[in-house]
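All residue numbers for the sequence shown refer to UniProt numbering, where the first residue is 1 and numbers rise by one.
No residue lacks a Cβ here, since even glycine has one placed at the ideal position from N, Cα and C.
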Amino acid sequence: MDAPWLAPWLARIDHASEGAIKDMPIGQTDVRRLREGQVGCQFWSAFVPDPDQGGAGTEPQLETLRATLQQIDLLHALFERHPANFGFVDRADDILPVFRSGRIASLLGIEGLHQIAKSASILRMNIYCESANAEASAGKGLSDEGRAMITEMNRIGMMVDLSHTSPQTQLDVLALSRAPVLFSHSSCFSLCNHRRNVTDEALDKVAENGGIIMICFLPSLVGAGDGSKPTVGHIADHVEHVGRRIGYDHVGIGSDFEGMLEGPEGMEDVSQHPQLVAELIRRGRGEKELAGILGLNLIRVLMRAEETAREMESEDIEILFDEHPEVWTKEQKTILSEAGRMRQAQRSRT
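Written as structure tokens, this is what we have:
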């Protein structure tokens, strides 16, 4: 779920009181509808558009970072104020216990390295976040900076999310990443010709990587392309395409509610998830396949990312640090270096 569209509303309504979050007059998500939709786990996406469009400007990046941290802070406040409804999780092992307690397991995600000012230090500070996209859908492949970030994300156990990335970036990351990756809210290009959707070539690489594609409900990503409003059946078509091509172990649900003005027919808000389950059952999907699609596949991928991080601990992999500006002037460095040589000379004489 995209948090920014609800965040200002939540900030204004009595510090997100119980009644306010239970039945909200705007959007596609609130507690009542989450419960009706039998949602047990949800990604909350802190999303801020890139104002600099990949440029080198510092000021826009810092403003974007500030807005991102504000959203993350607000989401944590929401979880803390409503522990009967939400349980924040930052490890795969915590998801099922929260779910079994009757609460909604809540993970955090961000949508782009621009949201952390392209800083490895901030990346590590937000290790509990689910993802940081490698690069926007601009047609380019993975940059050297992006490659270093992917390795660092693998090292610390952070999921790599390829939704909103270009086809070449996807192939580059899938070839590089040691941990499984996910598409958190994408659909299938062969069924719907949209630049945000995933090609069959990339799907095949997802299977090799052990990752997952979580099918998005955005009408422009699941429709037939003939101008008609898509239905729950169209969403099921995308689920089945992934399952038939690379296996049902590699598909999940990534609705992207609050990231659209309206959903497909029969999937207008989060309360209608059971409609999709019913459609998949009607098409012959069994209990094991459904359990994977509805959550266990994602948990497996998250666990494997954490295992990869533990494996990399024993390897001599350098921590990725940001470049830092010089603190001392040339003259100051000369003075300090000379003082150091004098101290060493004194120690050697004593």
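Measure the C-alpha to C-alpha separation of residue i and residue j and round it to an integer number of angstroms.
i: residue 286; j: residue 241; result: 16 Å
i: residue 257; j: residue 175; result: 30 Å
i: residue 289; j: residue 205; result: 21 Å
i: residue 203; j: residue 280; result: 21 Å
i: residue 136; j: residue 113; result: For residue 136, the predicted structure reports a pLDDT of 48, less than 50, and the residue's modelled location is therefore unreliable. A value from the coordinates is still provided. The alpha-carbon atoms of residue 136 and residue 113 are separated by roughly 9 Å.
i: residue 232; j: residue 323; result: 48 Å
i: residue 46; j: residue 110; result: 5 Å
i: residue 125; j: residue 210; result: 27 Å
i: residue 253; j: residue 215; result: 5 Å
i: residue 243; j: residue 327; result: 55 Å
i: residue 63; j: residue 343; result: 45 Å
i: residue 158; j: residue 261; result: 30 Å
i: residue 208; j: residue 118; result: 28 Å
i: residue 316; j: residue 34; result: 45 Å
i: residue 330; j: residue 336; result: 10 Å
i: residue 169; j: residue 27; result: 32 Å
i: residue 96; j: residue 172; result: 33 Å
i: residue 187; j: residue 122; result: 30 Å
i: residue 332; j: residue 166; result: 46 Å
i: residue 347; j: residue 87; result: 58 Å
i: residue 73; j: residue 81; result: 12 Å
i: residue 247; j: residue 78; result: 37 Å
i: residue 312; j: residue 120; result: 17 Å
i: residue 283; j: residue 249; result: 17 Å
i: residue 70; j: residue 226; result: 40 Å
i: residue 265; j: residue 185; result: 18 Å
i: residue 177; j: residue 151; result: 7 Å
i: residue 276; j: residue 325; result: 53 Å
i: residue 237; j: residue 230; result: 11 Å
i: residue 44; j: residue 61; result: 21 Å
i: residue 345; j: residue 50; result: 54 Å
i: residue 180; j: residue 278; result: 29 Å
i: residue 23; j: residue 259; result: 19 Å
i: residue 228; j: residue 31; result: 31 Å
i: residue 338; j: residue 310; result: 43 Å
i: residue 349; j: residue 340; result: 15 Å
Return yes when at least one heavy atom of the ligand SAM lies under 7 Å from the C-beta of residue i, else no.
i: residue 35; result: Among the ligands in the structure shown, none appear at all, so the ligand SAM cannot be discussed.
Mind reading off the beta-carbon distance from residue i to residue j? Whole number of angstroms is fine, and I expect it under 8 Å.
i: residue 217; j: residue 263; result: 5 Å
i: residue 48; j: residue 29; result: In fact, because the Cβ distance is near 19 Å, the residues do not count as touching under 8 Å.
i: residue 163; j: residue 183; result: 5 Å
i: residue 104; j: residue 65; result: Going by Cβ atoms, the distance from residue 104 to residue 65 rounds to 27 Å, so no, they are not a contact pair.
i: residue 222; j: residue 212; result: With a Cβ gap of about 17 Å, residue 222 and residue 212 do not count as contacting.
i: residue 37; j: residue 219; result: Not confirmed; about 18 Å, so no contact.
i: residue 319; j: residue 92; result: Incorrect: roughly 23 Å between the Cβ atoms, too far for contact.
i: residue 200; j: residue 147; result: Not a contact, Cβ separation roughly 25 Å.
When you compare each of the options to residue i by their alpha carbons, which one comes out closest?
i: residue 296; options: 261, 273, 328, 251; result: 251
i: residue 224; options: 244, 191, 248, 232; result: 191
i: residue 255; options: 23, 35, 32, 39; result: 39
i: residue 321; options: 87, 103, 153; result: 153
i: residue 314; options: 335, 347, 336, 155; result: 155
i: residue 107; options: 101, 76, 62; result: 76
i: residue 302; options: 90, 119, 98; result: 90
i: residue 84; options: 282, 237, 21, 276; result: 21
i: residue 160; options: 167, 149, 166; result: 149
i: residue 102; options: 294, 41, 259, 312; result: 41
i: residue 294; options: 228, 179, 99, 259; result: 99
Sort out for me which residues DSSP pairs residue i with in a bridge.
i: residue 161; result: 182
i: residue 351; result: Not covered by the structure: residue 351. The range shown for the chain is 1 to 350.
i: residue 265; result: 231
i: residue 214; result: 252
i: residue 86; result: 104
i: residue 198; result: 188
*Assess, as a yes-or-no matter, whether the stretch 296-309 is touched by the stretch 263-270 under the definition of 3 or more beta carbon pairs within less than 8 Å.*
no
*Between the stretch 187-196 and the stretch 141-154, do three or more beta carbon pairs fall short of 8 Å?*
no
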